[in-house]
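Undergrad: The structure follows.
Residue numbers (my numbering): 7 to 268.
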């Protein structure tokens, strides 16, 4: 009996320390900001520890809404049953407060990122007023068109970048990652295309090709081919560019267009 009593004493002594160790598991989250990439589920409206019936629901972020993990709260009483639970309190950038069961926080943060797409774009110098150049034809806009960023609008797990060009032209890119923008635009006009002849500029503007075009010029006019078949021999390098959507083929010898088939 004496041994049992001693064990019970040490168990009672260690209980607060166990609770503290559980709290410590979340220390690295406190104060960090997250941007939801998708819908958040099972959030309790209001601060952790509020003695009221929590409304449990889903949350759909918009306009780059973020949240900060504010604090860990242990032993939150259930309102409609016995027992207690532990939660993490979240403060959203619009002033809203919510609480999530600590057991679910790992799943929550897997749906979030620690930087917003707009923040990453700004770090790369992409902001309203900056100039970019379209790599290839897109939505009826010719390749090599000079674009001006007019607006960057954060959206649900993505960002929408609005451009203007010419007199009244408008183009929109939807990005799921900030780096996706470089698939479509140049930050600087490429040197290899810097001294185009008027004939070449006109052809690219109309989406046309002509014999003698370089591979860079043809790609600016027609875009990236679906496939490139390359043959290397003593005569040089032959390439067949396959444009499936056009049902057409371009043939190059040593980097110059020699024929096409459509």
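By construction, the Cβ of each residue, glycine as well, lies at the ideal position given by its N, Cα and C atoms. Remember, it's a predicted structure, so these values are computed and weren't measured experimentally.
Mind the definition here: the segment 127-135 touches the segment 91-111 only if three or more C-beta pairs lie below 8 angstroms; say whether that holds.
TA: No, the segment 127-135 does not touch the segment 91-111.
Undergrad: Quick one: give me the first and last residue of the beta strand (DSSP E) that residue 259 is part of.
TA: Segment 254-259, the beta strand (DSSP E) holding residue 259.
Undergrad: Thinking C-beta only, is residue 263 closer than 7 angstroms to residue 202?
TA: By the CB criterion at 7 angstroms, residue 202 and residue 263 fall outside the cutoff.
Undergrad: Let's see if you can read the secondary structure: which residues bound the alpha helix (DSSP H) around residue 225?
TA: 221-228
Undergrad: Using the Cα positions of residue 227 and residue 215, report the straight-line distance between them to the nearest angstrom.
TA: Per the coordinates, the alpha-carbon of residue 227 lies some 7 angstroms from the alpha-carbon of residue 215.
Undergrad: I want to see whether chain B comes within less than 7 angstroms of residue 134, judged by CB atoms only; does it?
TA: In the structure shown, chain B does not exist; there is a single protein chain.
Undergrad: Just reading off the alpha helix (DSSP H) that residue 210 is part of, what are its end residues?
TA: 204-212
Undergrad: Locate the alpha helix (DSSP H) running through residue 129, then write down its first and last residues.
TA: Counting along the chain, the alpha helix (DSSP H) containing residue 129 begins and ends at 123-129.
Undergrad: Would the beta-carbon of residue 103 fall within 7 angstroms of that of residue 53?
TA: yes
Undergrad: If I'm right that residue 35 touches residue 79 with Cβ under 8 angstroms, what's the distance once you round it to whole angstroms?
TA: Contact doesn't hold; Cβ gap of about 13 angstroms is too wide.
Undergrad: How many angstroms separate the CA atom of residue 209 from the CA atom of residue 137?
TA: 23 angstroms
Undergrad: Any idea which residues DSSP pairs residue 118 with across the strands?
TA: Residue pairing by DSSP puts residue 118 in a beta bridge opposite 42.
Undergrad: Taking the runs of the beta strand (DSSP E) that are 3 residues or longer, which of them lie wholly in the segment 124-179?
TA: 137-140, 152-161 and 164-171
Undergrad: Does the beta-carbon distance from residue 87 to residue 41 come in below 7 angstroms?
TA: no
Undergrad: Assuming residue 245 contacts residue 234 (C-beta within less than 8 angstroms), just tell me the rounded distance between them.
TA: 6 angstroms
Undergrad: Got a sec? Which residues, its chain only, sit under 7 angstroms from residue 148 by beta carbon, not counting five neighbours each side?
TA: These residues qualify, in order along the chain: 210, 211 and 213.
Undergrad: In the DSSP assignment, the beta strand (DSSP E) including residue 6 goes from what residue to what residue?
TA: Outside the shown range of the chain (7 to 268) lies residue 6, about which nothing can therefore be said.
Undergrad: Could you name the residues of the same chain whose beta carbon sits closer than 7 angstroms to that of residue 156, not counting the 5 residues immediately before and after it, in chain order?
TA: 134, 168, 169 and 170
Undergrad: Check residue 187 in the structure and name its three-state DSSP category.
TA: Helix at residue 187.
Undergrad: Contact defined as beta carbons within less than 8 angstroms: I believe residue 191 pairs with residue 139. What is the distance between those atoms, to the nearest angstrom?
TA: 6 angstroms
Undergrad: Should residue 184 and residue 123 be called a contact, given that it needs their Cβ atoms to be closer than 7 angstroms?
TA: yes
Undergrad: Cutting at 8 angstroms between CB atoms, please list the residues of its own chain near residue 251, excluding the five before and the five after it.
TA: Counting only Cβ-Cβ distances below 8 angstroms, and skipping sequence neighbours, we find 232.
Undergrad: To the nearest angstrom, how far is the alpha carbon of residue 39 from that of residue 121?
TA: 8 angstroms
Undergrad: In the DSSP assignment, the beta strand (DSSP E) including residue 244 goes from what residue to what residue?
TA: 242-249 is the span of the beta strand (DSSP E), which, as asked, contains residue 244.
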